[in-house]
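In my numbering, the protein residues as written are 3 to 197. The beta-carbon is built from N, C-alpha and C at its ideal position, and this holds for glycine as well.
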Ligand code: SF4
Ligand code: SF4
């Protein structure tokens with residue numbers, strides 16, 4: 003008989019212990035939070051998105067400061083950067099780089115496929131003008147994979163073609179001038195061996 007009532011009491015007691023743990027968790031401070039409410043003390047979603055300044059997120063290229071050296075493309079271990087350049091034609095209007103340097107190349111195409119990027123940051127370390135940097139933006143998922151290929155050329159395809167054509171025409175003119183100069187040059191004087 004004593005066992006009977008002891009078992010009933012044990013059953014009630016263990017339910018009460020379980021309920022106490024459950025009720026404690028309802029009122030205790032959260033240790034994990036649903037994204038994006040990671041910092042419940044912050045007021046806005048924008049504040050909640052703050053990340054450490056040295057974190058590696060979506061890349062950005064300052065078009066005004068990229069000199070087209072292709073250092074980032076060469077050092078990228080997964081080949082997700084593609085840079086195409088053409089030389090600046092003499093006489094063309096060329097703004098200085100934002101950092102003050104002289105521009106010798108137009109960047110006619112510059113893409114980064116962020117779907118392939120492994121965030122190693124080697125590209126940012128290779129850049130002589132600090133034109134390519136990691137931003138704080140980490141929310142950039144897309145439904146279409148192609149939308150993760152970002153374009154950083156300052157030119158539209160048509161404008162880029164104009165720049166390429168300008169330099170091709172300049173090269174053709176230079177080649178024509180050289181050929182004309184060679185045609186009118188006097189024949190070399192005969193030497194003793196030629197006689
Ligand atoms: S962070 Fe690394 S993988 Fe991503 S683009 Fe730069 S070099 Fe390539
Ligand atoms: S982003 Fe930097 S490393 Fe890449 S091509 Fe431009 S200047 Fe060179």
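Any non-hydrogen atom of ligand 2 within 7 Å of residue i CB
i: residue 80; result: no
i: residue 85; result: yes
i: residue 73; result: yes
i: residue 33; result: no
Closest by C-alpha distance to residue i, when choosing among the options
i: residue 118; options: 154, 81, 103 and 24; result: 81
i: residue 108; options: 7, 153, 55 and 65; result: 65
i: residue 131; options: 6, 59, 71 and 22; result: 71
i: residue 141; options: 171, 61, 85 and 79; result: 61
i: residue 169; options: 14, 84 and 88; result: 88
i: residue 73; options: 67, 10 and 127; result: 127
Any non-hydrogen atom of ligand 1 within 7 Å of residue i CB
i: residue 119; result: yes
i: residue 138; result: no
i: residue 132; result: no
i: residue 129; result: no
i: residue 77; result: yes
i: residue 25; result: no
i: residue 68; result: no
i: residue 61; result: yes
i: residue 124; result: yes
Cα-Cα separation, residue i to residue j
i: residue 124; j: residue 184; result: 48 Å
i: residue 96; j: residue 105; result: 7 Å
i: residue 99; j: residue 188; result: 45 Å
i: residue 173; j: residue 162; result: 17 Å
i: residue 2; j: residue 23; result: Residue 2 is absent from the model: the chain starts at 3 and stops at 197.
i: residue 12; j: residue 145; result: 56 Å
i: residue 19; j: residue 6; result: 20 Å
i: residue 63; j: residue 79; result: 18 Å
i: residue 56; j: residue 166; result: 38 Å
i: residue 75; j: residue 151; result: 14 Å
i: residue 197; j: residue 176; result: Interpretation of residue 197 is limited by its pLDDT of 42, a score under 50 that renders its predicted location unreliable; no figure is taken from the coordinates.
i: residue 21; j: residue 15; result: 10 Å
Contact the segment 86–95 vs the segment 16–36: 3+ CB pairs below 8 Å: Result no; under three Cβ-Cβ pairs closer than 8 Å.
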